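Participant: Chains as they are written, first to last, in this note's numbering: chain A, 13 to 361; chain B, 121 to 448; chain C, 153 to 436.
The beta carbon of each residue, even a glycine, is placed where N, CA and C say it ideally should be.
The structure displayed is predicted, hence computed values, not measured ones.
Supplied in structure tokens, the structure appears directly below.
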Amino acid sequence: MYRIETAGLAELFAAISETQDLFLPLRKADQTNYGLWSEGEPFDLDTLKTVKSAKDCFFPQSEVLYRCKSEDGKLSIDPQKLCDRAFVVFGMRACDVKAVEVLDNVFLSEPVDTFYAARREHGTIVSLACHEPEETCFCANFGIDAAAPGADVETWIIEDSLYWKPLTEKGEALTESLKAVLESTEKETPAEEAEKTVAEEQEAIRKIIEKLPLSHLDLSRFKPEHTMELFDSPLWEELYKPCLACGTCTFVCPTCQCYDIRDFDGGKNGVQRYRCWDSCMYSDFTMMAHGNMRTSQIQRFRQRFMHKLVYYPANYDGLYSCVGCGRCVSKCPASLNIVKVIKKLGGEV
Amino acid sequence: MQELITRAKELLADGTVSRVLGWKKGDMGWDPEPAYFDKEEDLKDFVYNPFCGANLSKYLIAAGKLEGTTLVFLKPCDTYSLNELVKEHRVKREKTYIIGVGCHGTVKAEKVLNAGIKGIEDAAIEGDTLKVKTLYGEKEMPLMDALLERCQVCKGKTHVVFDELIGAEEGEEAGPGELAGNRFAKVEELEALSPKERFAFWQRELSKCIRCNACRNVCPACSCLKCVFDGNQFDSSQKANADTFEEQMFHIIRAYHVAGRCTDCGECSRVCPEGIPLQLLNRKFIKDINTFYGEYQAGADTESRAPLTDFTFEDVEPGIVNERGGGR
Amino acid sequence: MCECSCGGKTKTDVLIPMIGVITDIRTETPDVKTFRVVGRDGRKLFEHMPGQCAMVSVPGVGEAMFSITSSPTNTEFQEFSIKRCGTLTDYLHEMNVGEEITVRGPYGNAFPVETALKGQNLLFIAGGIGLAPLRSVINYVLDKRDNYGTIDILYGSRSKDDLVQLKEIQEVWAKTPGVNVYLTIDREQEGWDGHVGFVPSYLKELEFATDKTVLVCGPPVMIKFSLQSLIEMGFEKTQVYTTLELRMKCGVGKCGRCNIGSKYVCKDGPVFRCDEIDELPPEY
């Protein structure tokens, strides 16, 4: 465990970005989102939830897969180069860290998505514990501990100090490369004292979480064996009605991984085939030349939540593909969200 | 609020209406959800407070396809959207029973939460103060700091269409409410910038866009059955920006499509998850329309012809673009 | 786009296609053409099993999943029978021999030709373009004739002009010993002296014995009513296989759009036994 003054964070970040790309929550035009940090730029570690999650760092909203040209009737394909530059994402909260595991299950299972895999391989995640979890947080329901966010290095910001604890080989390597900065204040703080401070902070965080209004949801009904019963529930009819069919929930969600593959025709510069995030809430999601098997919003709405709470767990050992970050709770324009679905279908209301 | 519930129950009971469209309590005190109430007993969850920002008029397009009349609660500015929808034959006036509800402003939950007010249960407006009932007792904050942008520049407390009013006075003075600022102030500020600065402003704002389409889907003027951005023939797909310029295209094209029909209801900026001040694009059009074709408020009535779909000899010449420096 | 400032090396992702050359185009019906495709080296692009699909694309136009209609026993090329019904297929229909497209695959599971179907009497039921995936199985089975019992093929289309692969059906399949071919069209038509009527009702008229394993493919409504007919005739759902089709983008179970419940048609299908489908939400 290391401790540095938060006043020295810019120095730490400068040290990281000397050799690697560093993604940090940045405040731009009044909103906080992860972005590539450059020295001197202000960062924002106070905002609990970035608007979009850190998903972009591993699975960007839009990325080119390959370029294709046609010359004299001959096609040529030029695949996009894979990420081969090490990078660090700093400040990911426990929920977003868990979300990466959800994405890993999809993208790293055979056949491996090499674009994603290359970013995972080159990325080191430094997590940050949630000093003050909010009432929209419900990560506790998914076995996530906001006080011990995990990943390669976990950190806590307590008063004027950042506590730094490497957890994996990657985390150790990053720590090693930052020894000069991390150790400058470390000598002054005995290890036991730092451990004790962090333990107290953890206890305080867990106490808050315990008291949050959404920390105790009943998920017991959301099991693969209840698929048909949940699918056929008349409650969807009540739940979906205010849904505007926008993609806000899917795009701010750290675990939504559906994508579209499209072409951008640059004329004589060739065609860029790119993939971009897609939303099962959009009407063209399942549209085929001869028709669409989800023609109404109720079907699309149901698909999203059945996927998160039933289908995904059926494929991945019961793991839910919701991490309780609460972004949909605060961002849905019609105040719909997965919590309402869990409560209603779970029998709570 | 009790008055609204009582009246809704009466209208349901005597068969005047088949359903009620209003707002329902959310999990938090600050997130009421637009909701249908089909039965009298469902109305126990009905809520109307300063967090009920959602403009319910667009839901009436879907409600119009249902059997019977729908009772809808509309705030003064929501009634302009309804009129415009009626004018465009999207909503059938005769299948809609409108109760105009009094409004002293709607607030942005994020602003209240960011002011450190937690455990919100309910809220009410008293003069220029927002009084919030919380788990930790009653809190207050200056109303102006909590209001949605559209309410900070409120365009008036008049219901332009209604069957009855509750909590509001008929013939209430048109024009902005007592707190309201000039809604074109920010537009003027942007107009005063150099093109380069203005481009930088929009680049900064629009680069946040995540293409969630919330602005389009919530917009009462965006009522096309199939949006141009949903077509596959168009490189500007609805869900991704192929390049950094394209996200601007989306918003600019959308602003053009609603020009002359946008009532400035402010729903686009209310729902934007990235807080993009989208209303500014629409207001620029409104301001120019006012200058070039005379004062016009979309949705003020259901009969008048919109300036952009009408011709008069007083209309400005196209050369105005050049005169204003557009041809540079 | 990715903000990362990397400029790294290239590995081949499953989403990166191969280049295929169209070496032959047969006009089957007014709206169906069969395209023969090989790699630039003139050889087959990949090995597949009957029922599997591949992503065919024209860059700048689109990419879509098509079933491979040629049999794996064909060592020279792959064929796709493609009905003109959308942007990509319109474009493909305008293409000429010698032009290039991209192909990636094969994707999905296959009909269990080497396991459950082996040694069985087989009944093929196809409607319209639904013959495409079944043709792959039929030719596979004919090439390995000794491994299977009797073979009955019931094929129907809107009109006689809409029967795909008619030449092969009449000149090869119908003339193979132990193979019975039954053709039907929806409505009376001049120059047609064969059976007239929908596939599901013809199926009942034919009174097949229930000692067969059935492979059915066609428009969803034909599959539905054929299945009803089969049940009335005494067949069990466990005896019937079909292939499903939904919107696909990746083809490898990741893009998230071809799911029926927790199953992905591109990866867990497209071939399903009818009793398996019963356990899934009815969204197909």
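Any beta carbon from chain C within less than 8 angstroms of P236 (chain A)'s own beta carbon?
Facilitator: So, interface residue.
Participant: Does the Cβ of G440 (chain C) have 16 or more other Cβ atoms within 10 Å, making it buried, or fewer, making it exposed?
Facilitator: Because chain C in this structure spans residues 153 to 436, residue 440 (chain C) falls outside the shown range and cannot be described.
Participant: Are the region 229–238 of chain B and the region 253–262 of chain B in contact at 8 angstroms, needing three or more beta carbon pairs?
Facilitator: Segments in contact, yes.
Participant: Tell me whether A130 (chain A) is buried or exposed, calling it buried when 16 or more other Cβ atoms sit within 10 Å of its Cβ.
Facilitator: Buried, because 16 or more other Cβ atoms sit within 10 Å of the Cβ of A130 (chain A).
Participant: Leaving out five residues before and five after P182 (chain C) in sequence, what residues of the same chain have Cβ atoms less than 8 angstroms from its Cβ?
Facilitator: Cβ within range, chain order: D313, D314.
Participant: Per DSSP, what are the beta-bridge partners of F150 (chain A) in this structure?
Facilitator: Per DSSP, none; premise fails for F150 (chain A).
Participant: Along the chain, where does the alpha helix (DSSP H) containing N203 (chain B) start, and where does it finish?
Facilitator: Segment 196–207, the alpha helix (DSSP H) holding N203 (chain B).
Participant: My output table needs one value for Q399 (chain B): the three-state DSSP class, helix, strand or coil.
Facilitator: Looking at Q399 (chain B) - three-state DSSP - the assignment turns out to be helix.
Participant: Taking the beta carbon of V373 (chain C) as the centre, do at least 16 other beta carbons fall within 10 Å, making it buried, or is it exposed?
Facilitator: Exposed is the call here.
Participant: I'd like to know if I156 (chain A) contacts chain C, where contact means its C-beta is closer than 8 angstroms to some C-beta of that chain.
Facilitator: Output row for I156 (chain A): interface = no.
Participant: Report buried or exposed for P152 (chain B), applying the criterion of at least 16 other Cβ atoms within 10 angstroms of its Cβ.
Facilitator: That one is buried.
Participant: In the region 63–111 of chain A, which residue ranges form an unbroken beta strand (DSSP E) of at least 3 residues, counting only runs that do not cross its ends?
Facilitator: Listed in chain order, the complete beta strand (DSSP E) runs (minimum 3 residues) inside the region 63–111 of chain A are 74–83, 86–91, 99–104.
Participant: Is there a Cβ of chain C sitting closer than 8 angstroms to that of Y252 (chain A), yes or no?
Facilitator: So no, Y252 (chain A) is outside the interface.
Participant: Please list, in chain order, all residues of the same chain as M400 (chain C) whose beta carbon is under 6 angstroms from its beta carbon, the five residues on each side excluded.
Facilitator: So the list reads M217, C410, C418, once near-sequence residues are dropped.
Participant: Going along the chain, which residues of its own chain have a beta-carbon closer than 6 angstroms to the beta-carbon of D283 (chain B), five neighbours each way excluded?
Facilitator: Excluding positions up to five away in sequence, the list reads Y217, I218.
Participant: Rounded to whole angstroms, what's the CA-CA distance from V293 (chain C) to L269 (chain C)? Just pull it up for me.
Facilitator: Each residue's alpha carbon lies about 10 angstroms from the other.
Participant: What's the gap between the Cα of V227 (chain B) and the Cα of E246 (chain B)?
Facilitator: Rounded to whole angstroms, V227 (chain B) to E246 (chain B) spans 13 angstroms at the Cα level.
Participant: Using a beta-carbon distance below 8 angstroms, is I305 (chain C) in contact with chain A?
Facilitator: Output row for I305 (chain C): interface = no.
Participant: Using DSSP bridges, identify the partner residues of D275 (chain A).
Facilitator: Per DSSP, A:R285.
Participant: For S342 (chain A), count the other beta carbons within 10 Å of its own beta carbon; 16 or more makes it buried, fewer makes it exposed. Which is it?
Facilitator: It is buried - the Cβ of S342 (chain A) has at least 16 other Cβ atoms within 10 Å.
Participant: Taking only beta carbons into account, state which residues of the region 254–266 of chain A come closer than 7 angstroms to chain B, listed in chain order.
Facilitator: Answer set for the region 254–266 of chain A: P254, L256, A257, C258, G259, T260, F263, V264.
Participant: Flag M104 (chain A) as yes if its beta-carbon sits less than 8 angstroms from any beta-carbon of chain C, otherwise no.
Facilitator: For M104 (chain A), the answer is no, since every Cβ of chain C falls outside 8 angstroms of its Cβ.
Participant: Does the distance from the CB of C142 (chain A) to the CB of R105 (chain A) come in under 8 angstroms?
Facilitator: Cβ distance < 8 angstroms, so C142 (chain A) and R105 (chain A) count as in contact.
Participant: What are the residues in the region 175–190 of chain B lying within 8 angstroms of chain E by C-beta distance?
Facilitator: You won't find chain E in this structure, because its protein chains are A, B and C.
Participant: What do you get for I290 (chain C), buried or exposed, if any count of 16 or more other CB atoms within 10 angstroms of its CB means buried?
Facilitator: Under this definition I290 (chain C) is a buried residue.
Participant: Run through the DSSP bridge pairs and tell me what Q43 (chain A) is partnered with.
Facilitator: Its beta-bridge partners are A:K40.
Participant: Leaving out five residues on either side along the sequence, give the residues of the same chain with a beta carbon under 7 angstroms from the beta carbon of R403 (chain B).
Facilitator: Cβ within range, chain order: R303, F304, V307, D384.
Participant: Spatial neighbours of T148 (chain A) within its chain, please: C-beta separation below 6 angstroms, excluding the five flanking residues on both sides.
Facilitator: Cβ within range, chain order: G338, V341, S342.
Participant: To the nearest angstrom, how far is the alpha carbon of E51 (chain A) from that of E23 (chain A)?
Facilitator: The alpha-carbon atoms of E51 (chain A) and E23 (chain A) are separated by roughly 9 angstroms.
Participant: What residues of chain C sit near L77 (chain A), judged by a beta carbon separation below 8 angstroms?
Facilitator: Per Cβ cutoff of 8 angstroms: D165, L167, I168.
Participant: So, for P54 (chain A): in the same chain, excluding its five sequence neighbours on each side, which residues have a beta-carbon less than 8 angstroms away from its beta-carbon?
Facilitator: Only L38, R39 meet the Cβ criterion.
Participant: I'd like the list of long-range same chain contacts for D172 (chain A), defined as Cβ closer than 8 angstroms, with 5 residues on each side in sequence excluded.
Facilitator: Once the five neighbours on either side are set aside, the close Cβ partners of D172 (chain A) are E17, T18, A19.
Participant: When burial is assigned at 16 or more other CB atoms within 10 Å of the CB, is D439 (chain C) buried or exposed?
Facilitator: Absent from the model: residue 439 (chain C). The displayed extent of chain C is 153 to 436, so no value can be given.
Participant: Give me the residue from C:E266, C:I277, C:Y307 with the minimum Cα distance to R297 (chain C).
Facilitator: Here the closest residue by C-alpha is C:E266.
Participant: If the cut-off is 8 angstroms on Cβ atoms, which residues from the region 277–303 of chain A count as contacting chain B, listed in chain order?
Facilitator: Those residues of the region 277–303 of chain A that come within reach of chain B (Cβ to Cβ, closer than 8 angstroms) are D277, Q284, Y286, C288, W289, D290, S291, Y294, S295, D296.
Participant: Against R324 (chain B), what residues of chain A qualify as contacts under a CB-to-CB distance less than 8 angstroms, listed in chain order?
Facilitator: Per Cβ cutoff of 8 angstroms: K40, A41.
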